[in-house]
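Have a look at the structure below before the remarks.
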Amino acid sequence: MGAKIQSVFCRPQTKGENMLSLKSKYRTHTCGELSAKNVGETVMLSGWVHRKRDHGSLLFIDLRDNYGITQIVIDGGNDDLERVRPESVLQVTGKVVARDASQVNEKIPTGEIEISVESWKVLTNADVLPFQVFGDDDTVSEDLRLKYRYIDLRRDSLHNNILTRNRIMKFLRDKMWDLGFSEFQTPILTVSSPEGARDYIVPSRNHHGMFYALPQAPQQFKQLIQIAGFDRYFQIAPCFRDEDLRADRLLEFYQLDLEMSFVDLRDIQAVGNEVMPELIKKFVPDAIVDPNIPHIPFDEAMLKYGSDKPDLRNPILISDVTEIFRGSDFGIFANAIESGSVVRAIPAPNSADKPRSWFDKLGEYAVKELGLGGLGYIIFADEAKGPVAKKLDADRIEKLHKIAGDNSLLFFVCDKAESAAKAAGKLRIKLGEDLGLVNPHEFRFCWIEDFPMYELNEETGAIDFGHNPFSLPKGELDGDPLKIKANQFDMVLNGAEICSGGLRNYNPETMVRAFAIAGYGPEVVKEKFGGMYAAFQYGAPPHGGCAFGIDRLVSIILGTNNLREVVLFPTNQRGQDLMLGAPREVTEQQLREVHIQVRKKN
RNA sequence: GGGGUUGUAGCUCAGCUGGUUUAGAGCGUCUGCCUGUCACGCAGAAGGUCGCGGGUUCGAGCCCCGUCAAUCCCGCCA
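For the first sequence, numbering that gives the first Met the number 0 begins at 0 and goes up steadily by one.
Next up, the structure:
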């Protein structure tokens with residue numbers, strides 16, 4: 000608790016070389032700047048009543064503003080001030096006096112002094128609060144906090160989060176300028192695109208029955224910026240997606256969006272290498288940042304980590320042990336392998352002595368959360384133990400023992416390749432957490448590359464684009480489309496995807512052929528992406544780029560997994576603004592103007 | 001669209017197997033006392049449609065059904 004109060008004076012403030020004075024008719028100083036040097040001065044402060052301590056004829060008030068907290072003393076007491084509620088706004092004039100050595104409050108930087116009040120004025124009164132600002136209690140329910148966001152934002156942790164975000168934005172913008180990128184703005188009212196997420200649509204008044212869409216990303220515009228010859232562009236861009244929310248997903252969010260001409264993949268990734276480790280070092284004081292950022296092919300990531308966004312802090316590596324189980328007496332796996340399943344092994348280091356209850360819990364997790372039939376395992380203590388071990392011969396056991404290591408466990412997941420990889424990946428994460436293998440002070444980046452250009456739609460059997468349809472395929476487009484890789488990458492930090500990008504398909508013929516494989520005829524390309532397709536006819540430079548998710552980066556830096564903790568005015572999980580009441584109905588007149596009739600709810 | 005969890009005072013929660021009367025605690029609020037607190041202290045008070053609707057029962061905060069809301073996850077989504 001003390002540490003939390005302490006952070007009031009550690010607020011990451013905006014500071015400029017030509018700061019405007021903070022003095023005004025309301026204050027000569029802020030609540031965070033007076034010290035022993037000011038003793039004897041008469042000062043005026045304005046701020047919120049953070050806390051009162053009433054000793055009868057002696058009253059202490061902690062006065063708080065954006066910059067800190069200063070203690071106000073009213074000697075002799077005062078009935079009116081004693082009744083002022085917390086969070087009322089007060090203006091006080093008084094003398095700066097030194098505190099006795101025994102009364103210095105080391106938790107706040109103004110703790111050597113206090114203000115002996117000579118006159119005061121209540122600027123505004125606060126009603127009884129829906130929740131307390133003081134104490135920074137983070138157990139208050141989120142809907143209440145969102146409804147009174149302006150009060151929540153006064154609380155120490157959230158206030159600091161937003162100020163830190165402010166400084167991160169400044170850092171990113173300065174850095175991009177420093178690296179030679181130009182900052183442009185692209186339209187917010189734009190065209191609906193058929194690929195990817197659902198668009199937010201905006202009805203047009205002047206064009207009957209037509210709609211704008213809010214951009215999911217400035218993808219087409221930033222490519223057109225390249226065709227227009229601007230070479231290196233960046234933007235801190237708002238993006239909108241009309242999809243269901245999660246704790247780590249917002250309906251509007253910000254990306255550091257960039258695009259470059261005449262580059263290869265490594266040139267784009269150089270931006271990430273340049274900016275991201277420095278960002279973490281600058282904003283996380285005790286961060287351990289590994290400057291080595293490995294490049295991992297997608298297929299390898301899925302096999303070794305069971306995920307395309309691996310947390311490299313977790314030392315567990317998954318192995319494919321299909322061949323060890325093939326033809327073994329462990330019938331469940333051996334039979335499944337014959338019908339096309341694979342077996343993945345997940346080692347749990349130094350846990351051979353775990354109690355029975357630990358296994359039961361993991362088994363329950365595997366069945367309930369991962370949808371597995373059960374969780375097979377072998378314990379490698381003095382000898383190999385467990386129901387699976389009994390069915391395997393010494394040779395197979397020895398091979399598995401090598402993978403697991405001594406005093407360890409080996410868990411097995413048997414399923415079709417993709418499902419097995421995913422389940423093994425989740426188990427890897429779970430084991431990492433449960434065994435405390437992940438160091439929260441560590442920051443490990445990696446690049447995931449060679450994503451498949453296309454994937455099979457399980458339901459329809461059709462070939463779909465795997466990720467970004469504008470990506471440049473690697474190599475030839477002949478042969479099995481599912482084997483074609485894309486010039487595309489993600490940047491991953493501690494198990495979170497923080498960036499996605501790649502080289503773009505800038506050749507109109509290749510573009511038509513790439514779309515044809517996914518079942519879109521040339522007429523569709525010309526219709527849906529007509530503007531861009533036309534632009535490619537007039538000399539497009541080879542280009543590529545990427546976009547970093549700013550909200551996610553800020554949340555990783557601040558160590559929260561809830562994006563609403565790093566956004567000023569977020570919606571709730573159903574996309575509602577509980578404070579201002581959005582979305583809401585509009586008038587019949589407004590609907591008529593945009594030619595819209597609302598359907599009855601069935 | 002589907003699943004899990006939750007809903008009791010302004011806030012955070014407890015409330016046992018359905019039966020102790022007037023549903024409790026901490027914080028907050030209000031009143032009184034207090035000159036050195038900084039999570040001040042002490043004494044007292046107010047504050048409840050147990051989310052809402054229905055059902056089972058002699059009896060429901062607790063069980064059942066429905067419904068609404070919140071949250072987390074899956075689907076969806078870079």
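Glycine included, C-beta positions come from ideal geometry on N, C-alpha and C.
Cα-Cα separation between residue i and residue j, rounded to whole angstroms
i      : j      : result
Asn160 : Ala393 : 57 angstroms
Gly543 : Ile71  : 58 angstroms
Gly1   : Lys169 : With a pLDDT of 28 at Gly1, under the threshold of 50, the predicted position of this residue should be treated as unreliable, and no value is reported.
Arg563 : Ala100 : 42 angstroms
Glu457 : Leu244 : 25 angstroms
Asp463 : Lys308 : 21 angstroms
Leu369 : Ala422 : 6 angstroms
Lys303 : Ile317 : 5 angstroms
Ile345 : Leu426 : 8 angstroms
Ile4   : Asp137 : Legend: pLDDT at Ile4 = 35, less than 50; position of this residue unreliable, value from coordinates given subsequently. Whole-angstrom Cα-Cα distance: 14 angstroms.
Gly375 : Pro276 : 40 angstroms
Ser418 : Gly494 : 19 angstroms
Arg52  : Ala216 : 52 angstroms
Ser20  : Tyr453 : 58 angstroms
Glu299 : Glu448 : 10 angstroms
Asp177 : Glu16  : 18 angstroms
Gln234 : Trp119 : 47 angstroms
Arg197 : Thr185 : 20 angstroms
Cys498 : Asp550 : 12 angstroms
Arg583 : Ala351 : 58 angstroms
Arg82  : Glu113 : 21 angstroms
Phe183 : Leu311 : 35 angstroms
Asp247 : Thr559 : 10 angstroms
Phe180 : Arg172 : 9 angstroms
Asn272 : Cys445 : 10 angstroms
Residues bridged to residue i [DSSP beta-bridge criterion]
i      : result
His542 : Ser260
Pro346 : Leu409
His294 : Trp446
Pro229 : Reading off the sequence, residue 229 comes out as Phe, not Pro. In DSSP, Phe229 forms no bridge with anything.
Ala581 : Asp576
Leu255 : Ile235 and Phe547
Asp489 : Ile447 and Ser499
Phe379 : Ala383 and Ser407
Thr189 : Ala212
Residue i: first and last residue of the uninterrupted beta strand (DSSP E) it sits in
i      : result
Phe444 : Phe444 to Glu448
Asp61  : Leu57 to Asp64
Phe464 : Ile462 to Phe464
Val91  : Val88 to Ala97
Ser45  : Thr41 to Asp53
Gly67  : Gly67 to Asp74
Ala212 : Phe210 to Ala212
Ile107 : Looking at the DSSP string, Ile107 is not in any beta strand (DSSP E), and its letter there is neither H nor E.
Continuous alpha helix (DSSP H) stretch holding residue i: start and end
i      : result
Phe297 : Phe297 to Lys303
Met452 : No alpha helix (DSSP H) contains Met452, which DSSP labels as neither H nor E.
Gln218 : Gln218 to Ile226
Ile428 : Ala416 to Asp433
Ile396 : Ala393 to Ala403
Val366 : Arg355 to Lys367
Ile323 : Thr321 to Phe324
Gly370 : Element bounds for Gly370: n/a, residue is neither H nor E.
Ile331 : Gly330 to Glu337
Glu587 : Glu587 to Glu592
Leu244 : Element bounds for Leu244: n/a, residue is neither H nor E.
Leu21  : Careful: Leu21 lies outside any alpha helix (DSSP H) and carries neither H nor E.
Asp79  : Asp78 to Glu81
Nonlocal neighbours in the same chain, by C-beta distance under 7 angstroms from residue i, ignoring five residues either side
i      : result
Ser6   : Reliability fails at Ser6, whose pLDDT of 45 lies under 50, so the model's placement of it is uncertain and the value that follows must be treated cautiously. Around Ser6: Asp155 and Asn159.
Arg164 : Val553 and Val565
Leu577 : Asp142, Leu145, Lys146 and Asn571
Asp405 : Phe379
Same chain, Cβ closer than 8 angstroms to residue i, five either side skipped, listed in chain order
i      : result
Arg10  : Gly31, Asn65, Tyr66, Gly67, His158, Asn159 and Leu162
Leu476 : Ile483, Thr509, Arg512, Ala513 and Ile516
Spatial neighbours of residue i in its chain, beta-carbon cut-off 6 angstroms, leaving aside the 5 residues before and after
i      : result
Ala539 : Ile226 and Tyr505
Asp414 : Ser340
Ser260 : Gln225, Asp230, Pro540 and His542
Distance cut-off 7 angstroms: residue i Cβ against heavy atoms of the ligand ZN
i     : result
Ala35 : Although the ligand ZN was asked about, the structure shown includes no ligands whatsoever.
Whole alpha helix (DSSP H) elements within the stretch 112-185, 4-residue minimum
Complete alpha helix (DSSP H) runs here, min 4: 141-146, 148-151 and 155-177.
Mind pulling the beta strand (DSSP E) runs of 3 or more residues that sit fully within the stretch 491-573?
495-502 and 542-548
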